[in-house]
Amino acid sequence: MATIINGKELSATIRKEIADRTEEFIKQKGRAPGLAVIIVGEDPASKVYVRNKHKACDEVGFYSQVIELPEETTEEELLSRIRELNASESIDGILVQLPLPRHICEQNVIETIDPKKDVDVFHPMNVGKLTTGNHILTPCTPAGVMEMLRRSGIEIKGKKCVVVGRSNIVGKPMAILLLEAHGTVTVCHSKTVDLKKECLEADILVSAIGKPGFITADMIKPGATVIDVGINRNKEGKLCGDVDYDKVEKIAAYITPVPGGVGPMTVTMLMKNTLLAAENRTK
Ligand code: GUN
Numbered sequence: 061m062a063t064i065i066n067g068k069e070l071s072a073t074i075r076k077e078i079a080d081r082t083e084e085f086i087k088q089k090g091r092a093p094g095l096a097v098i099i100v101g102e103d104p105a106s107k108v109y110v111r112n113k114h115k116a117c118d119e120v121g122f123y124s125q126v127i128e129l130p131e132e133t134t135e136e137e138l139l140s141r142i143r144e145l146n147a148s149e150s151i152d153g154i155l156v157q158l159p160l161p162r163h164i165c166e167q168n169v170i171e172t173i174d175p176k177k178d179v180d181v182f183h184p185m186n187v188g189k190l191t192t193g194n195h196i197l198t199p200c201t202p203a204g205v206m207e208m209l210r211r212s213g214i215e216i217k218g219k220k221c222v223v224v225g226r227s228n229i230v231g232k233p234m235a236i237l238l239l240e241a242h243g244t245v246t247v248c249h250s251k252t253v254d255l256k257k258e259c260l261e262a263d264i265l266v267s268a269i270g271k272p273g274f275i276t277a278d279m280i281k282p283g284a285t286v287i288d289v290g291i292n293r294n295k296e297g298k299l300c301g302d303v304d305y306d307k308v309e310k311i312a313a314y315i316t317p318v319p320g321g322v323g324p325m326t327v328t329m330l331m332k333n334t335l336l337a338a339e340n341r342t343k
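Under the working numbering, residues 61 to 343 are what the sequence shown spells out, in order.
Okay, structure coming up:
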């Protein structure tokens, strides 16, 4: 029976720490850290994520602005809203919820956000800083995973880490952070020849693939740590991760559940980035 790494509980602890530092920030600067979240269109999952981010801001004492724009918003209109937020004194973090409608170029949007306010860490300048190890902000989901490992006392140094998935949001930055923490890192993806063999070597396995039941018990080394970044719906419409939890949980030493695992940690790390951006911008 694996030990469950409870993301909800850990998040509550970290949010309390952020709330305390926010109080200190307000005392010193006379205003709260501010986060602006822009959502374009009506994607139901995105709406839930944005609502969670807004609620988290309230919880830690931030000022937050949710900007809801219609599906037919032009790219120029969106870029112009971002430029206004770049210039705003009360906004320290800007997040444009992805995916965007197809007529808007995601890269143009990302590159318009002031890198100092880029709390997603998607801007090429911040990705470059992350890669060379001199970043102030850390991408939210991978940062959440690192915090779960650290606070559970799981050593990374010298360990074999396998990341399944190579997205810009999770897989690639996850690999960089594990490498920075002295792990020996393998990144697997849809063209990997023998995924099972690679996974069986992992002391720490991070799955960010987005397919329910993709990581099965026969892929897990006994005593491994299994981190499930997937957020999927199974055939019954229930929220689930990438990992066949009930069977894997019998083999792994540590495991994260879905829901209540990485998800809440991602939002918590967004709060941390907003606070860090505010502190950095006003120092
Ligand atoms: N959509 C899914 N995940 C993310 C994320 O981490 N940031 C943004 N901006 N959009 C997302």
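Beta carbons are placed, not taken as given, at the ideal position from N, Cα and C, and that holds for glycine.
Source: prediction; values computed, not measured.
Beta carbon of Gly273, beta carbon of Asp288: below 9 angstroms?
The answer is no: Cβ separation not under 9 angstroms.
At what residues does the alpha helix (DSSP H) containing Gly67 begin and finish?
From DSSP, the alpha helix (DSSP H) with Gly67 extends over 67-89.
Less than 8 angstroms between the CB atoms is what I'm expecting for Ser267 and Gly290, so what's the real figure, rounded?
The beta-carbon distance between Ser267 and Gly290, rounded to whole angstroms, is 6 angstroms. This is short enough to meet the 8 angstroms contact definition.
Euclidean distance between Cα positions of Asn218 and Gly243
The amino acid at residue 218 is misidentified as Asn; the sequence shows Gly. Rounded to the nearest angstrom, the two C-alpha atoms are 5 angstroms apart.
Quick check: Val286 and Val247, are their CB atoms within less than 9 angstroms of each other?
Between Val286 and Val247, the C-beta spacing is not below 9 angstroms.
Measure the Cβ-Cβ separation of Gly231 and Gly67 and say whether it is below 9 angstroms.
No.
So the candidates are Thr328, Lys281, Asn340, Leu336; which of them puts its Cα closest to the Cα of His114?
Of Thr328, Lys281, Asn340, Leu336, the residue nearest in Cα terms is Thr328.
For the ligand GUN, I want to know if Asp180 counts as a neighbour, meaning its beta carbon is within less than 8 angstroms of at least one of the ligand's heavy atoms.
Checking every heavy atom of the ligand GUN against the Cβ of Asp180, one is found closer than 8 angstroms.
Going by DSSP, name the residue or residues bridged to Tyr314.
DSSP, once it has assigned bridges, lists Thr63, Thr285 as partnering Tyr314.
Near Ile86, what residues of its chain come up, given a Cβ to Cβ distance below 8 angstroms and the 5 sequence neighbours on each side ignored?
Within the same chain, Ile86 has close Cβ partners Ala92, Gly121.
Among the candidates Asn112, Asp174, Cys117, Thr73, whose CA atom is the shortest distance from the CA of Glu144?
It is Asp174 whose Cα lies nearest to the Cα of Glu144.
Would you check whether the ligand GUN has a heavy atom nearer than 8 angstroms to the C-beta of Leu197?
For the ligand GUN, no non-hydrogen atom lies closer than 8 angstroms to the CB of Leu197.
In this structure, does DSSP put Gln125 in helix, strand or coil?
DSSP places Gln125 in the strand class (E or B) of the three-state scheme.
Considering only heavy atoms of the ligand GUN, does any lie closer than 8 angstroms to the CB of Pro159?
Yes, Cβ of Pro159 sits closer than 8 angstroms to a heavy atom of the ligand GUN.
Please look up how many angstroms separate the CB atoms of Ile216 and Ala241, rounded, as I've assumed it's under 8 angstroms.
With a Cβ gap of about 4 angstroms, Ile216 and Ala241 count as contacting.
Cutoff 9 angstroms: Val318 Cβ touching any chain D Cβ:
No chain D appears in the structure shown, which is made up of a single protein chain.
By a C-beta neighbour count over all protein chains shown, 10 Å radius and 16 as the cutoff for buried, is Asp75 buried or exposed?
Contrary to the premise, residue 75 reads as Arg rather than Asp in this sequence. Within 10 angstroms of the beta-carbon of Arg75 lie 16 or more other beta-carbons, which makes it buried.
Do the stretch 127-137 and the stretch 97-109 make contact, defined as three or more Cβ pairs closer than 8 angstroms?
Yes, since at least three Cβ pairs between the stretch 127-137 and the stretch 97-109 fall closer than 8 angstroms, the two stretches touch.
Rounded to whole angstroms, what's the CA-CA distance from His183 to Thr252? Just pull it up for me.
If you take the alpha carbons of His183 and Thr252, they lie about 28 angstroms apart.
Looking only at DSSP bridge pairs, what is Thr246 linked to?
BP columns for Thr246 point to Val222.
Cα-Cα separation, Glu149 to Tyr123:
Those two C-alpha atoms are separated by around 12 angstroms.
Residue closest to Glu137, alpha-carbon to alpha-carbon, out of Val308, Ile164, Asp118
Scanning Val308, Ile164, Asp118 for the CA closest to the CA of Glu137 turns up Ile164.
Check whether the Cβ of Ile151 sits closer than 8 angstroms to any heavy atom of the ligand GUN, and report yes or no.
Ile151: no, Cβ never under 8 angstroms from the ligand GUN.
Counted within 10 angstroms of its Cβ, other Cβ atoms place Glu309 as buried (16 or more) or exposed:
Counting Cβ neighbours within 10 Å, Glu309 comes out buried, since at least 16 surround it.
Do you know whose CA, among Asp103, Ala116, Asp118, Asn168, lies nearest Glu135's CA?
The shortest Cα separation from Glu135 among Asp103, Ala116, Asp118, Asn168 belongs to Asn168.
Going by the CB atoms, is the gap between Asp178 and Gly94 shorter than 9 angstroms?
No, Cβ-Cβ distance for Gly94 and Asp178 is not below 9 angstroms.
Only counting the same chain, and skipping five residues up and downstream in sequence, which positions put a Cβ closer than 8 angstroms to that of Leu197?
The answer, listed in chain order, is Asp178, Val179, Val181, Asn186, Asn333, Leu336, Ala337.
Give the DSSP-derived three-state secondary structure of Asp306 in the structure shown.
Three-state DSSP puts Asp306 in a helix.
Helix, strand or coil for Ala268, going by three-state DSSP, please let me know.
Per DSSP, reduced to three states, the secondary structure at Ala268 is coil, with no helix or strand assignment.
Rounded to whole angstroms, what is the Cα-Cα separation between Thr63 and Leu70?
Approximately 14 angstroms, taken between the alpha carbons.
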